[in-house]
């Protein structure tokens with residue numbers, strides 16, 4: 009029975025990693041460019057990995073996305089700002105790893121209280137906001153001059169501008185994750201229980 013459970017775990021991990029690769033390679037599948045920004049859907053896959061397989065594997069899948077994003081910043085950037093900021097692994101990799109950690113532990117916390125569906129929804133929202141807030145916060149902190157020039161805003165108005173992006177970009181991404189993670193995660197968790 010343990011061998012069957014391990015096979016399921018490895019299979020799901022491999023499929024989710026393959027999906028991350030496809031989302032990074034197929035145009036408009038993982039990133040939807042919107043005037044200098046990039047609406048991201050890849051975080052949903054990372055969050056699903058975190059809730060189904062645990063925070064460690066969620067961090068692994070998120071780290072894989074971050075490394076791919078870091079490489080893409082050099083060879084095929086997803087936005088005009090990417091070559092300036094995503095070539096730094098602190099911006100491209102670390103927030104993506106932390107999506108898996110935050111989403112996984114959020115789900116575990118709520119699941120232990122018998123609220124699995126709520127846990128899936130909140131893990132989706134928390135994981136998504138982790139990515140948005142950390143990426144934009146690091147851009148605002150580490151690349152204030154470049155970001156202000158790119159976005160054509162006064163340096164003193166950069167943080168309010170980035171907070172506006174959180175509202176325009178991050179909130180829809182969080183809502184999307186809050187809806188999709190339970191829809192995808194619940195059947196996978198049911199199937200996982202049958203294979204234990």
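In our numbering, the protein residues as written are 9 to 204.
We put the beta carbon where it would ideally sit given N, CA and C, even for glycine.
What you are looking at is a predicted structure, and each value in this text was computed from that prediction instead of being measured.
Taking C-beta to C-beta, are residue i and residue j nearer than 8 Å?
i           : j           : result
residue 54  : residue 66  : yes
residue 87  : residue 41  : yes
residue 60  : residue 197 : yes
residue 38  : residue 50  : yes
residue 108 : residue 140 : no
residue 192 : residue 20  : no
residue 72  : residue 28  : yes
residue 134 : residue 114 : yes
Since residue i contacts residue j with CB under 8 Å, what's their CB separation in whole angstroms?
i           : j           : result
residue 185 : residue 132 : 4 Å
residue 52  : residue 188 : 5 Å
residue 181 : residue 89  : Their Cβ separation, rounded to whole angstroms, is 17 Å, which puts residue 181 and residue 89 out of contact at 8 Å.
residue 112 : residue 58  : 4 Å
residue 105 : residue 70  : 5 Å
Identify whether residue i lies in helix, strand or coil by the three-state DSSP scheme.
i           : result
residue 145 : helix
residue 85  : coil
residue 92  : helix
residue 168 : helix
residue 39  : strand
residue 53  : helix
Kindly indicate which residue of the options has the alpha-carbon position closest to the one of residue i.
i           : options           : result
residue 25  : 147, 122, 179, 68 : 68
residue 147 : 191, 22, 96       : 96
residue 98  : 150, 122, 30      : 150
residue 174 : 138, 27, 29, 15   : 138
residue 124 : 92, 176, 91, 194  : 194
| task | Decide if the stretch 117 to 128 is in contact with the stretch 77 to 91; the criterion is three or more beta carbon pairs, one per stretch, under 8 Å apart. | result | No, because fewer than three Cβ pairs between the stretch 117 to 128 and the stretch 77 to 91 fall closer than 8 Å, the two stretches do not touch.
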